[in-house]
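One structure is given here, and the rest of the page talks about it.
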Amino acid sequence: MTGAAAILSALNAAVLTVDRAGRVTSFNPAAESLLNTGAPQALGRPLSRILPADHPLFGMIETVREQDVNLTEYEVSIETPRVKLPVVVAQLSPVSDDPGVVAVMLVPMTLAREIDRHLAHRGAARSVGGMAALLAHEIKNPLAGIRGAAQLIEANVDAGDRELAALIRDEADRVAALVNRMEAFAGPEGLDRKPVNIHEVLNRVRRVSEAGFASGIAFVEEYDPSLPPVPGDHDRLVQVFLNLVKNAAEACPGEGGEILLRTVFRHGERLAVSGSGRRVHLPLEVSVQDNGRGIPEELHRTLFDPFVTGRQGGQGLGLALVAKIVDEHAGAVAFESEPRRTVFRVLLPVDIEEGGVR
Ligand SMILES: Nc1ncnc2c1ncn2[C@@H]1O[C@H](COP(=O)(O)OP(=O)(O)OP(=O)(O)O)[C@@H](O)[C@H]1O
Ligand SMILES: [Mg+2]
1 MTGAAAILSA LNAAVLTVDR AGRVTSFNPA AESLLNTGAP QALGRPLSRI LPADHPLFGM
61 IETVREQDVN LTEYEVSIET PRVKLPVVVA QLSPVSDDPG VVAVMLVPMT LAREIDRHLA
121 HRGAARSVGG MAALLAHEIK NPLAGIRGAA QLIEANVDAG DRELAALIRD EADRVAALVN
181 RMEAFAGPEG LDRKPVNIHE VLNRVRRVSE AGFASGIAFV EEYDPSLPPV PGDHDRLVQV
241 FLNLVKNAAE ACPGEGGEIL LRTVFRHGER LAVSGSGRRV HLPLEVSVQD NGRGIPEELH
301 RTLFDPFVTG RQGGQGLGLA LVAKIVDEHA GAVAFESEPR RTVFRVLLPV DIEEGGVR
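So the sequence shown is numbered by our numbering: it starts at 1 and just counts up by one.
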């Protein structure tokens, strides 16, 4: 293979070129896998065979060709019957010694950017923390009074009014339950950090779930035995995975629901978090995957914010709490979702001193 071709095929980014007539003239292996199309099917054929004819990329190619400029577009989505990539970065350049030919490079939005976005938005959970403490304090006492009064009335009135008093009592209970959950955001200051065996945490979550909300669902475990202990707060970590498994169970189909719990230790992997100027080392990955309906597109941007829910009767606090606790562990959380495959990944650091990497 000659120089340029060898470089193209070694690249991780998908690169393709399109000639003046809109035909594909080169298509590297990364493009084959990103667009799920083999080079033989692509070469010499119009690009519109691979991408829908109204895809914004065609307009961009036209602009590059006409104005002889480079073009970069962030957050281009590629949706075809064969692939679904919600966000890729597209970079287009004219090929200087070949008039009319445009080179297109497509890079999927990386997990790092996904995490970066999450880090940028986690302030929301913090501000809720302060408010929750205040609310809990201001609401709980009067609420207990209201409930007690309703009970007294209930015992002393006729049947018709008894129903109304019961209504007051039930509503008071509902508000109390909400306040209790919000109080979890105020949480104790600082974590009770000890080396935690994540597999033990996951087993507990699995047992609790199977005994209740996930009784009809099959669990599959893929555990990495080399996983070192995490310096963390055992009970708070249980809460994280319980919330994720509960969401997964709620999204699962009535029959054939499956939840996959997976742990991986990524030796030596470092993640540069763009924008923040920080590099984080989060080698421990714990993921919860389900084969449910997927997360509605319109929730994606704000999913970890408090009170965002797509569920009848949902409070929208589960994931906000997950984000907060993971944040307290100096970790990160990200998700990918499509129908029948939704994955939440929790990435955690390993404190070598405390965790004792084996
Ligand atoms: N695994 C999943 N599959 C599909 N949708 C999900 C999944 N996880 C979360 N969601 C969506 O995200 C929304 C927010 O989840 P979150 O746990 O924060 O709140 P909730 O489940 O609605 O309420 P609760 O406070 O009781 O947990 C859910 O209502 C659901 O629409
Ligand atoms: Mg939930």
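Idealized CB from N, CA, C, for every residue including glycine.
Using a C-beta cut-off of 8 Å, the region 154 to 168 makes no contact with the region 300 to 314, since fewer than three inter-stretch Cβ pairs fall below that distance. Contact annotation: Arg23 and Gly100 have beta-carbon atoms that are not nearer than 8 Å. Listed in chain order, the alpha helix (DSSP H) runs fully inside the region 302 to 337 are 318 to 328, counting runs of at least 4 residues.
Counting only beta-carbon distances shorter than 5 Å to the non-hydrogen atoms of ligand 2, the qualifying residues in chain order are Asn247 and Gly318. Remark: C-beta atoms of Arg181 and Leu317 approach each other more closely than 8 Å.
In this structure, Arg266 lies near Glu285, with their beta-carbon atoms less than 8 Å apart. Set against 7 Å, the gap from the CB of Gly216 to the closest heavy atom of ligand 1 is not smaller. Sequence-distant partners of Leu299 (beyond 5 residues in either direction) whose C-beta falls short of 7 Å from its own C-beta, in its chain, are Val308 and Gly310.
The bridge partners DSSP lists for Thr263 are Val286. In this structure, Asp290 keeps its C-beta atom at 8 Å or more from the C-beta atom of Ala332. The beta carbon of Leu178 lies closer than 7 Å to those of Gln315 in the same chain, with the five residues before and after it left out.
Residue environment for Ser26: buried (at least 16 other C-beta atoms within 10 angstroms of its C-beta). One Cα belongs to Gln41, the other to Glu32, and the distance between them is close to 10 Å. In the three-state scheme derived from DSSP, where H, G and I count as helix and E and B as strand, Val175 is classed as helix. Between Arg193 and Asp233 the beta-carbon gap is near 6 Å, inside 8 Å, which marks them as a contact. For the pair Met105 and Ala10, the CB atoms are not nearer than the 8 Å cut-off. In chain order, Phe213, Ala214 and Ile217 place their CB closer than 6 Å to the CB of Ala249, counting only its own chain and leaving out the 5 sequence neighbours on each side. DSSP places Phe58 in the uninterrupted alpha helix (DSSP H) bounded by Pro56 to Gln67. In the structure shown, Ile153 adopts helical secondary structure according to DSSP, grouped into three states. Taking a C-beta distance under 8 Å as the contact criterion, Arg207 and Val238 do not qualify as a contact pair. In the three-state scheme derived from DSSP, where H, G and I count as helix and E and B as strand, Leu16 is classed as strand.
Rounded to the nearest whole angstrom, the CA to CA distance from Pro283 to Asp98 is 45 Å. Nearest in C-alpha terms to Glu66, of all of Val102, Pro228, Glu73 and Thr37, is Val102.
Bounds of the alpha helix (DSSP H) holding Pro40 are Ala39 to Ala42. For Arg82, same chain residues with a beta-carbon under 8 Å away, outside a window of 5 residues either side, are Leu35, Asn36 and Thr37 in chain order.
Placement of the Cβ of Gly254 at a distance of 7 Å or more from every heavy atom of ligand 1 is found. Apart from the 5 residues on each side of it in sequence, Val264 sits with its Cβ closer than 7 Å to the Cβ of Asp224 and Glu285 in its chain, given in chain order.
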